[in-house]
Structures are given as structure tokens and as C-alpha cells.
Amino acid sequence: MSPLFLQAISPPHWPRRTALACALMASLGALAEPPQNTATVEPANDAKVRPGERLSTWLLRQPGDTAAPGLAWRVPQERLAQQFLKNTLLVRLEAASRRAPRSEQLDRLKLITWLQNLPITGRVALGIVDPRWLQAHPDQDPVLSTGQQLVAPPSQLKTIAVVRPDGELCHVAHEAGRTVWDYVLACAPNTAHDWAWVAQPDGRTSRVGIAPWNGHPSDEPAPGAWIWAAPRGMTELVDASEGIIKFLATQGPSPQTATLRATTAALGPAKPVIANSTPALPSVPPESIISVRSDTSAPQYKAPRTSSNDWGETGLLQTPTARMGEAGDFRTSISHVSPYTRLNVMFQPLDWLEAGFRYTSVSNRTYFANTPGQSYKDKSIDVKVRLLRESAYVPEVALGFRDLGGTGLFSSEYLVANKRYGDLDFSLGIGWGYMGSSGNIRNPLLALSNRFRTRSASSSTGGEANFNSFFRGPAALFGGVEWRTPWDPLTVKLEYEGNNYKNEPQQNNQVQRSPFNVGLEYRYSPGVAFTAGLERGNKVMVGLTLSTNMANMRASKPADPPPPRFTPEAPVNPPGWATTAAEIQARTEWTVQRIAPQGDSAHVWITESHTVYREARVQQVIAVMHRDAPASIKHFILHYNERGLALHTQVVDRSEWVTAHYQAQTPAELRATDQRDYAPPRGRTEDGLYVPTSPQRTPADPTATASPGETPAMAPWERRTEKLTFGLTPSFSQILGGPDAFLLYQLGVSATAEYRFTPSTWVNAAVNWRLIDNFDKFTYTAPSNLPRVRTYQREYATTKRLTMPVFQLTHVGRLNEDQYYSVYGGALESMFAGVGAEWLYRPWRSKFAFGIDVNHVRQRDFAQDLGLRDYKVNTGHATLYWDTGWNGVQARISAGQYLAGDRGVTLDISRRFDNGVTIGAWATKTNVSAAQFGEGSFDKGIYVSIPFDALLPRSSKFTANFAWAPLIRDGGAKLGRINPLFEMTSIRDPKAFSFSSPDDKAPKAGDNILDFKRAQ
């Protein structure tokens, strides 16, 4: 049950633990007593049901209309959780009734009485209930057990029940095409509501906005649905609404007329129990059913849809709005309104935070670096934070900063509010800086201090937030409206902006005939939008936006081989472990080192398993092992190691796995599954791995025979060690926004090789051949006041076409169960060579890790061969790694000495979504002043990591990484080492096996109706 829901329904004046303990005790007591409000199941002779029978088999014996969405599967083990929910609701509502106005107290007591009389059913959700479909999908076809019940819905569902605040039911005849709002209006035409909660007959629940400020399209309520809509102003009933609708979903379809009956089949302990016809809930007199008024209907508003403005922010044209997208939204846009062309990249790591970066090209100004043929390019970073969510009477409010971390030429701060009414979305805000240059109002902060009267000039070096200028100087109002037209792809925008273009950066003032701008957005597809408008009364604006949601990224895998053929039985003639290992590697891209049976278990040693979607590959491993392992094997034990370091072990019970894939399981059965992950203890051998006692065999050894008493299928197998491996991969690198050209790039081929002396000692080498590039334009070397550790970027990139970026010898080891070390030396990266060591403390499944690296390095020749330059330095850091456990947010804090000899701290914050996509940003501040650092003031950047599994039609264990830094300077520069221990030991992360493609949220047999997280 959701902790947030428990918080919402717990009485505020009681200690929470006491309240929950009382509810739990009441639940146990209620279950111990015989139910008084449930109907007795009387035997009949029309349908026999036996324990062990499949749902599909039972359905084929019933009338055809039994296989309907309202069919309920009742499981006794789920009654405790449902009783706990019911008692917690009653406690909450009783406390609320005592605080309610006297005029409402009677209604609250009636609601409590009505809820109290509803039975505890133990209902578990079912998905598709077509018997033939279930036979083809046995994993969705439950095997019925003793004590479980199947309750068929009435033969005809014709009404929908709207629950009033006093617990009375308003029965409305179902009409096709009607919305939730229509049914609520039919029962309470004079009452204001904001939200309605719906429980469909199959147990699915949802929340629907039914007010002008939040209305949106939703699934039509099916006949037999429940609707609960707490009136606006009854806050405590609204807070308890999700719990109420979840509990109503356990009741099955809403009550129907007296002529409609239900069928209940129960499973007895031994002998067959036969079905019974009995009302599922008290019947409804036909005269009490009302109809939706034919002369009126609820408004049909379109779903809210955010769009970007010229600056890439969520907004209108030139002005931002307070609206936010969903967490994971990512968009790239380009807009042009003379003389400015803007390339924007914006992302939403949290649902209340929007951030991004921008390049602005000023066509009538040249680049300051005296490079001919390129217009001036300005770089900037934006941040917007939502302060208030919209409600019936409160607008959505956001605070934003434009050009926060750039040169400050376009820097602005703003506070903006939005209020929606139907398909119109109104915004009104106040801006400072560039957005407030017209000064159409007096700066309201002057009432606090005269310091807000003047605004300091932008920084010449940029890159640093000028806090002394925030909210200072002239201020201006801005606002507008956005209209979702009846034609769904088209949105119309009208705004009034607060900039008069008389104080443009670089003395580039523009003529403005009108402060009103008007524009259109055409949404060609969900991820592609075209915009056009008239701005300043005299300039045409055009734009293109490409958007997606990275948290919802998923890709089907048509290029993958079909899954292994599944049968619940073990194979009669196992093919042998060599065949098994080869197929596991082909399906997972993991390397199987050994397979060795021991007793009733088969041990599998796996390496090179560093990937994001681990659990999907584990399922492939187990499927192949089950298909190939003899019946005597009851458990599969997977040992994960990297470079000889034992990191993680999983134990999979074969019978449990088969059951999960051969029949639908109840929530109680899923909860009872054994814990299968544990940290491997340090063994006697160097790498802590189990070494089989029988002779080792390889696929290339045709003479290998089994040991006495050992069948050939059970003989241990071990892969022949390959000391030398090599490969070819394409290489690509780019430089964005430099003074020579906006995009400098190179395409080439990289040859990689690795030689392993032992599993934990190896040498890496890479050679890159640059084939295609535009480096003939690359002539600029950035100025520097520090040792040139990174600003020789041009020299390293252009001196030779054939380079050796890496040539490194590495040894790793394990000090104890939680401590690891590595020592290394050679050409560590393209610009530095040297020696170093790293130590990492990383407890298994811990949210914290701590590491230290120490390096002595010397600068390499520009040719990137074996030559060295004179500059040398000691560099290293102590790093704390922290998984906050909050919304996938992770933090890294490093302190130490950087390549230029400066000392300071690097903070790295990232958000990792459930599908493995990561968005992050870093910033480094050292003892180097902003003036000494140069343009940019301090090192900073943004990065994105996307698993190829989320992008490609074929499974791949690799990831796509993109990092952006506004400038490359020498301050705050870290050594770019390969093989860091934290990445090597990533399988010890508590969420290492939790990333996968987003759930399609399709209802499945065995879903827990009380799963609040799934509902969200």
C-alpha cells in the first residue's frame, strides 16, 4: 500500500503508528470472526469446480456471458490487506466526521455505515478472460486453489453507480459515449466537483478531472462501474478518495436491477464445490435508475498539452508559462526571428523541474574571436522550478531563470502563473532583466529595499550566476493565452511581452511595432511540432520542435531471436552445457565461464555482464537453463564476476520460475517468493569463485567423459580462456559552438585489443584512424591562465590522423567482501600518461560507496604516440557516491587535486529513470578565480545516457552517452581514466536488476487491486 496514501488517510491528531496498529489489530480481529454481511454460497448442480483446475477450463463450462470484464477472482490470502484498508478508511472518516460541520456529520456517519457493511472479498484482478486466449497464454491463466472463489458478473450490466458523500448510490443508466462528468452531473447537478475516481468492472481504477481547470478525455465508464466524486471543499473526503475507490473495486461490478443475478463458484478443500446463483450485492429497484439528461452534457475538453516557446522553454512565443511537462520529457527545438536563431535543448528530470541549455546565433554580429564567416554564438543555461500546483482556485506558479550560467547577455528572472479554463490556458507573469526591459511596472521588490533599483551589467567571462543582479532593475508584466482549437493538431498562441528591444545586448536594438505576438503551433505528430508567428509586429518567426519522453522510451525487439520454447517439464535428452553456454551468450551478450552441477543445483559463472537491462537477460538465462537442464536440477545459481572479482550471486528456484511462467499468480504467491540475491563471500581462491572438483572440459575436447557416477549431461563444463581479444568499432567525436565553426566533427575507425595475463590482470590498447572530418576549419586555441591541460584540444585532435588514445595495464583485486582495489599504468587517456591506484569501499546493496584514486601523470605528445611532454602533476580525488532513494536521484561528490594543480570539489547530480535512462549535470569549483579560469568561470556540463535496449530493435548491452560542456578550459579538469571500480562493480547497486522497458500497464491476471503505485 502506498505510503503517501497511508499518510493521507491517517488522522492528523493521532500518532501514525498507533492509528495503523489499531487498524491492523481490527483487521486481524475482523478476519478471525465469521463474516456477517456476506451471502452464503449454497450448492447447486450447474457447474462443478475442482482445485487445480485452470480458469479457462472453468469458463468453458459456463454460459458464454460469464467471460466478461466483471468476473471476479477472490483469494482468501488478500482479505487481510483489504480489511486493513477498510479499517484504516473507517478510522480516517470517523475522525473527519467529528471535525466536520454539524450539517455534514450525519452524512459522514451514513457513509461510514455504508462502507462498514461492504464485505471483504479478497478480489484479485484478472486481465483478458476469453478462455481460448487464456489457453494460448498460460502465464495469464490462473490455476484455482482451495478456498478461492470465482464470482461471475450479472448476465447484463446496464447501470453505473455514483456514490454520494452520504453513502447513497445514484444508479444511472449507461449510455454509450458518455463521460464520467456526465454521470456525476446527472446525480449532483448543483454540486461543484474537481475530481472523480472510477472503478471499472474489471477492477481497474483511475482519477479523472471533471472541472474546467483540469478536465481531460478519459476512458468511458463501462456498465457496472463505480464512480466516487467528493464535492469540492470536502478536503478530507478528497484525500481518502483513492482508498475508497480501491476498496470499491474489490466489490466487483456495481449493483444492478433485481432481475440480474450473479454466479459464484467456490473451491472446497477436497470434494468439488458447485456453483450458486446469488446476488453479488443488494439489488437495485428499476424505478430508482435515472438517465443522463438528453438536453445537456458535460464539456468535452481536450487533454492539456505543453509546447515550447522560441527559447525552448515550456511557454508561448517569447514568454514562458508556469506549465511543466512530465518527468523525462526531452525536446530539441530551433527557432528563428531576425536577427536571432536559437538552438535549444531542454529536459525535465523531475516533474517540478525544467532545465536545459541553448546556443543563440546573432546574425548581424561576428564572433568575438576574429574568426571570419561565423556569426556570434552565445551559450546559456536555463532553470525553471514549479512552486505551486494548480487547483480549483489557485493557479500554477513557477519561478524561472533564463541564461543563468552563460554570459548573461539575455539573463532574466521571472515569476509566472497559469490558470486553465477548458481549452484556454491563461498566463500572467512578471519578469526582470531581458524580459523586463520595457519597465512597464515599478519593480515591486523596491518596497523591500532600494538595492533592487539597478541591475549590474552582464559578465565578460560568463558561466557564473550573478546573484547580485537577480530581480533587480526594471520589471515588466507579460502574459498571454493558449487555445487548443477544435482541430486537434492546431494550437493558437497570443501573448504580450515585457521586452521592448531598446536595450538589446551588444547595442543590437531592434524596432518593435507592437508588444503583442501571435503564433500557431501545428503538432504533426506527438514528437514533431512546427511553429510560426508574427512577433514585434514586424518579424516572422518560424520554429521546429522535436520531443520525446525519455522515461517512457521503449523499443520492441523484432530482430531478437524468439524466446526459448517453454514447457513445464524438464528435457528428456539434455543437449549438454556447451550448447547451453553458447546460446546464453548469443542471447545476452554475456560471457559464460563455467557451468557445473553440484547436488540438485546448477552453478553458472557469468562475466562481462555490465549492462542496464539485467533482469531481462537473467530471464533469458533461466529460460535456456530450464530448457536444457535435467530434471534432477532444482535450482539455478548464477555467479556474477568482473575481472576475477566475485560481485553478486542469484539463486533461482526452478519450480517457482516454472510456476510464474505457466500460470498467473496471486499477489500473496508473489510475495512468498524466496529472496534470491545475496553477496558472495570471499572464497579460498583469488577471485572467490567456486572451482569444480571434476576435471575441466571444453567444447573443443571431444574425448571428455563424465566422472564415475556422473551422466554426460551433468558433467561440468568450462570455457577455454581467450587471452587475446580484439575488435573494430566506428568512432565519432564532435565540438559544438566553437569560434571556428558551430560543429567540428570527425568520423573514423577504432581498433581495440585486450590481452589478459590473468583474469584480474590485463592490458588495453586502442588505435584510432581519423577518416572524415572538417578539422581544416579548426584553427582556434583558447587562451588560458593555467597550465594547458585541456586547451591544447586542437593540437591533440589535428596533429595526426592515426593515434593511440589508450595503452593501459591494469590489475584489480578484492581486499575483503566490500573493498576493492586497482593499480594501473600507461597511456591513461589521449592527453596524459602515468601510473595510479584506486580503492573502493562498496557494501553489497548499499546506497553509499566511497572511493579514493591517486595518480601521477605526465602530458603526452600531441601525436598521441609513446612520446611525453614536460608537464607533470599529481592528481586524485576522494569520492562519495550516494543513491538518495528519492525519485532515482543520485549524487557524487569528489574533492581533490585536478590536472592543472588546482584543488576543489565536483558535484554531480543525476536522475535515473526506471527504464535506465540517466540525465545529469556536474559542476566543479576550485581555488581558481573566475578571472583566472577564463570564459565560463568554472567547469560545468550536462550529460545523458540511454541504453541501446531502449532505442534499438535488437537487444544490446551497450549505452549511448552524450555530454555537453559550454566550454573546454583548463580549470577543474579531471583525468579521464578507463576501468573505474565504481562502474566495474555496478552489479552491487541495490537497483542493478530493476531497470527494464516501461510497463505497458495492461491489466494482467493476478494484479493487486490495491497497488496504488501501479495506479499512478
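My numbering numbers the first residue of the sequence shown as 858 and each following residue consecutively.
Beta carbons: idealized from backbone N, C-alpha and C, even for Gly.
### Query
For residue 1801, which beta-bridge partners are listed by DSSP?
Along the sequence shown, one-based indexing puts residue 1801 at 944. Beta-bridge pairing by DSSP links residue 1801 to 1776 and 1819.
### Query
Run through DSSP, which three-state label would residue 1163 get?
Here residue 1163 refers to the residue found at position 306 when the sequence shown is read from its first residue. Reduced to three states, the DSSP call for residue 1163 is coil.
### Task
Go ahead and label residue 1357 buried or exposed: buried means 16 or more other beta carbons lie within 10 angstroms of its beta carbon, across all protein chains shown.
Translated into positions along the sequence shown, residue 1357 becomes position 500. Of the other Cβ atoms in all chains shown, 16 or more fall within 10 Å of the Cβ of residue 1357; this residue is therefore buried.
### Message
Does the structure place the stretch 998 to 1008 close enough to the stretch 1045 to 1064 that three or more beta carbon pairs sit under 8 angstroms?
### Response
The answer is no - the stretch 998 to 1008 does not touch the stretch 1045 to 1064, with fewer than three Cβ pairs under 8 angstroms.
#### Entry: Helix, strand or coil at residue 1835 [DSSP, three-state]
Taking the sequence shown and counting its residues from 1, the one referred to as residue 1835 is at position 978. Note: residue 1835 maps to coil in three-state DSSP.
### Message
Since residue 1059 and residue 1184 should fall inside the 8 angstroms C-beta cutoff, what is the C-beta to C-beta distance between them, to a whole number of angstroms?
### Response
Residue mapping note: residue 1059 aligns to position 202 of the sequence shown, counting from 1. Residue mapping note: residue 1184 aligns to position 327 of the sequence shown, counting from 1. Their Cβ separation, rounded to whole angstroms, is 28 angstroms, which puts residue 1059 and residue 1184 out of contact at 8 angstroms.
### Message
Which residue marks the beginning of the alpha helix (DSSP H) containing residue 822, and which one marks its end?
### Response
Nothing about residue 822 can be read from this structure; the chain reaches only from 858 to 1873.
### Message
Report the CB separation of residue 1243 from residue 1070 in whole angstroms; it is logged as a contact under 8 angstroms.
### Response
Within the sequence shown, the letter at position 386 stands for residue 1243. Within the sequence shown, the letter at position 213 stands for residue 1070. Contact flag wrong, Cβ pair sits at about 16 angstroms.
### residue 1640 versus residue 1158 - alpha carbon distance
As a first step, residue 1640 must be located in the sequence shown, where it is residue number 783. As a first step, residue 1158 must be located in the sequence shown, where it is residue number 301. About 57 angstroms.
### Message
For residue 1808, which residues in the same chain have their Cβ closer than 8 angstroms to its Cβ, ignoring the five residues on either side in sequence?
### Response
Position 951 of the sequence shown holds residue 1808. Here the set comprises 1410, 1412 and 1817.
### Query
Just reading off the alpha helix (DSSP H) that residue 942 is part of, what are its end residues?
In the sequence shown, counting from the first residue as 1, residue 942 sits at position 85. Where residue 942 is concerned, the enclosing alpha helix (DSSP H) stretches over 936 to 956.
### Task
Could you say if the stretch 1582 to 1592 and the stretch 1606 to 1623 meet the contact criterion of at least three C-beta pairs nearer than 8 angstroms?
These segments touch.
### Query
residue 1171 and residue 1162 look like a contact to me (Cβ under 8 angstroms); what is the Cβ gap, rounded to whole Å?
Counting from one through the sequence shown, the residue named residue 1171 turns up at place 314. Counting from one through the sequence shown, the residue named residue 1162 turns up at place 305. About 11 angstroms; that fails the 8 angstroms criterion.
### Query
Ends of the alpha helix (DSSP H) at residue 1435?
Residue mapping note: residue 1435 aligns to position 578 of the sequence shown, counting from 1. Residue 1435 -> alpha helix (DSSP H) spans 1434 to 1445.
### Task
Would you check if the stretch 1738 to 1755 and the stretch 1786 to 1793 touch, i.e. whether three or more CB-CB distances between them fall below 8 angstroms?
No, the stretch 1786 to 1793 is not in contact with the stretch 1738 to 1755.
### Chain-order list of residues whose beta-carbon lies under 7 angstroms from that of residue 1303 (same chain, five-residue window excluded)
Position 446 of the sequence shown, counted from the start, is the residue given in the question as residue 1303. Here residue 1303 has 1309 and 1310 as same chain residues with Cβ atoms under 7 angstroms from its own Cβ, once five neighbours each way along the sequence are excluded.
### Message
Do residue 1712 and residue 1683 count as a contact pair if the criterion is CB distance below 8 angstroms?
### Response
Start at 1 with the first residue of the sequence shown, and residue 1683 comes out as number 826. Start at 1 with the first residue of the sequence shown, and residue 1712 comes out as number 855. The criterion of a C-beta distance shorter than 8 angstroms is not satisfied by residue 1683 and residue 1712.
### Query
Taking C-beta to C-beta, are residue 1298 and residue 1332 nearer than 8 angstroms?
If you number the sequence shown from 1, residue 1298 lands on position 441. If you number the sequence shown from 1, residue 1332 lands on position 475. Yes, the pair counts as a contact, with Cβ atoms nearer than the cut-off.
### Task
Please list, in chain order, all residues of the same chain as residue 1345 whose beta carbon is under 8 angstroms from its beta carbon, the five residues on each side excluded.
Taking the sequence shown and counting its residues from 1, the one referred to as residue 1345 is at position 488. These residues qualify, in order along the chain: 1159 and 1380.
### Through-space distance from residue 1167 to residue 1874, alpha-carbon basis
This structure cannot speak to residue 1874, because the chain is shown only from 858 to 1873.
### Task
Provide the residue span of the alpha helix (DSSP H) that contains residue 1098, from first to last.
Translated into the one-based positions of the sequence shown, residue 1098 becomes position 241. In this chain, the alpha helix (DSSP H) harbouring residue 1098 covers 1098 to 1106.
### Option nearest residue 1147 by Cα separation, candidates 1081, 1253 and 1017
Walking along the sequence shown from the start, residue 1147 turns up at place 290. If we check each option's Cα against that of residue 1147, 1017 comes out closest.
#### Entry: Identity of the residues DSSP links to residue 1682 by a beta bridge
Numbered from its first residue, the sequence shown carries residue 1682 at position 825. In the DSSP output, where bridge partners are listed per residue, residue 1682 has 1666 and 1692.
### Message
At the level of alpha carbons, what is the spacing between residue 1134 and residue 1141?
### Response
Start at 1 with the first residue of the sequence shown, and residue 1134 comes out as number 277. Start at 1 with the first residue of the sequence shown, and residue 1141 comes out as number 284. Any answer about residue 1134 is weak, because its pLDDT of 35 lies below 50 and its placement is not dependable; what the coordinates show is given next. Answer to the nearest angstrom: the Cα atoms are 17 angstroms apart.
### Task
Could you tell me the distance, in whole angstroms, from the CA atom of residue 798 to the CA atom of residue 1375?
Because the chain spans 858 through 1873 in this model, residue 798 falls outside it and cannot be assessed.
### Message
Less than 8 angstroms between the beta carbons of residue 979 and residue 931, yes or no?
### Response
The count along the sequence shown starts at 1 and reaches residue 979 at position 122. The count along the sequence shown starts at 1 and reaches residue 931 at position 74. Their beta carbons are under 8 angstroms apart, which means residue 979 touches residue 931 by this criterion.
### Query
Cα separation between residue 1822 and residue 1764?
Here residue 1822 refers to the residue found at position 965 when the sequence shown is read from its first residue. Here residue 1764 refers to the residue found at position 907 when the sequence shown is read from its first residue. Cα to Cα, the separation comes out at about 15 angstroms.
### Query
Can you tell me where the alpha helix (DSSP H) with residue 1015 in it begins and where it stops?
Mapped onto the sequence shown, residue 1015 falls at position 158. Neither: residue 1015 is in no alpha helix (DSSP H) and is coded neither H nor E.
### Cα-Cα separation, residue 1710 to residue 1698
Reading the sequence shown from its first residue, position 853 is the one you call residue 1710. Reading the sequence shown from its first residue, position 841 is the one you call residue 1698. For residue 1710 and residue 1698, the gap between their C-alpha atoms comes out near 12 angstroms.
### Task
Give me the Cα-Cα distance between residue 1237 and residue 1443, rounded to the nearest whole angstrom.
The residue given as residue 1237 occupies position 380 in the sequence shown. The residue given as residue 1443 occupies position 586 in the sequence shown. One C-alpha to the other measures close to 46 angstroms.
### Query
Opposite residue 1622 in the DSSP bridges: which residues?
In the sequence shown, residue 1622 corresponds to position 765, counting from 1. Answer is 1610 and 1664.
### Message
Spatial neighbours of residue 1782 within its chain, please: C-beta separation below 7 angstroms, excluding the five flanking residues on both sides.
### Response
Residue numbering aside, residue 1782 sits at position 925 when the sequence shown is read from its first letter. So the qualifying residues of the chain are 1761, 1762 and 1795.
### Message
Suppose only complete runs of 3+ residues qualify. What are the beta strand (DSSP E) ranges in the stretch 1706 to 1736, listed by chain order?
### Response
Those beta strand (DSSP E) runs which fall completely within the stretch 1706 to 1736 and span 3+ residues do not exist here.
#### Entry: Rounded distance between the beta-carbons of residue 1487 and residue 1427, thought under 8 angstroms
As a position in the sequence shown, residue 1427 is number 570, starting the count at 1. As a position in the sequence shown, residue 1487 is number 630, starting the count at 1. A Cβ-Cβ separation of about 6 angstroms places residue 1427 in contact with residue 1487 under the 8 angstroms criterion.
### Query
Can residue 1110 and residue 1010 be called in contact, C-beta distance under 8 angstroms?
Along the sequence shown, read from residue 1 onward, the residue named residue 1110 stands at position 253. Along the sequence shown, read from residue 1 onward, the residue named residue 1010 stands at position 153. With respect to the 8 angstroms criterion, residue 1110 and residue 1010 are classified as neighbours on the basis of their beta carbons.
### Query
When burial is assigned at 16 or more other CB atoms within 10 Å of the CB, is residue 1046 buried or exposed?
Residue numbering aside, residue 1046 sits at position 189 when the sequence shown is read from its first letter. Label assigned to residue 1046: exposed.
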